[in-house]
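J.: If you count the sequence shown from 1, position 67 lands on 67 in UniProt numbering, and the numbers rise without skipping. Every residue, glycine too, gets a C-beta built ideally from N, C-alpha and C. Please see the structure below; I have some questions.
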Amino acid sequence: MGGALTTHVLDTMHGKPARGMRLELHFVHGDHTHHLADSYTNADGRVDQPLLGEDQFQHGEFEIRFHVGQYFERLGVEIATPFLDVVPIRFTISEDKHYHVPLLVSPFAYSTYRGS
């Protein structure tokens, strides 16, 4: 198969890439998941290597868990009423193409889309 899975995280509270955010990749199988990888975003808010490269690429249901609460806590953002902690984005890979799953996030909201 020829495809890849990448991500990019933008911190919309500070208007910059989310450097040092932990994320986990899981393969979803029925009612449980299999942990595939742990990564951290670089200075550009990206992971240095694809989450799934051509050699690991497969079709199926996946979940990226973004550790948003930990990220903002590390930056010293004090939130009187914490809201987001781990943001799971679950999606399906069904084509042999590049899948890009970006996250735009603040302590109280997030959005994603299938990027290019």
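When the Cα atoms are used, what is the spatial distance from phenylalanine 83 to threonine 41?
T.: Looking at the two C-alpha atoms, the distance is approximately 22 Å.
J.: Which residues does DSSP list as the beta-bridge partners of tyrosine 99?
T.: Answer by DSSP bridge pairing, in chain order: Leu5.
J.: Who are the Cβ neighbours of phenylalanine 91 in its own chain at under 7 Å, not counting the five residues just before and after it?
T.: Hits under 7 Å: Phe62, Val101.
J.: At what residues does the beta strand (DSSP E) containing arginine 22 begin and finish?
T.: Its beta strand (DSSP E) spans residues 22-29.
J.: Between Phe66, Arg74, Pro50, Gly76, which lies nearest to alanine 4 when the distance is taken from Cα to Cα?
T.: Residue Pro50 is the option with its Cα nearest to alanine 4.
J.: Do histidine 26 and histidine 32 count as a contact pair if the criterion is CB distance below 7 Å?
T.: Result no, Cβ atoms of histidine 32 and histidine 26 do not sit closer than 7 Å.
J.: What would DSSP say about tyrosine 40, mapped onto helix, strand or coil?
T.: Note: tyrosine 40 maps to strand in three-state DSSP.
J.: Express the C-alpha separation of glutamate 78 and glycine 53 in angstroms, rounding to a whole number.
T.: Spanning the two alpha carbons is a distance of roughly 37 Å.
J.: DSSP state of tyrosine 110, grouped into three classes?
T.: Here tyrosine 110 sits in strand by DSSP.
J.: Which residues in the same chain have their Cβ closer than 7 Å to the Cβ of serine 94, if we skip the five residues on either side of it in sequence?
T.: Counting only Cβ-Cβ distances below 7 Å, and skipping sequence neighbours, we find His59.
J.: If we ignore side chains and look at the alpha-carbon of each, how far apart do leucine 10 and histidine 67 end up?
T.: So the two alpha carbons sit approximately 13 Å from each other.
J.: DSSP on glycine 69, reduced to helix/strand/coil?
T.: Looking at glycine 69 - three-state DSSP - the assignment turns out to be helix.
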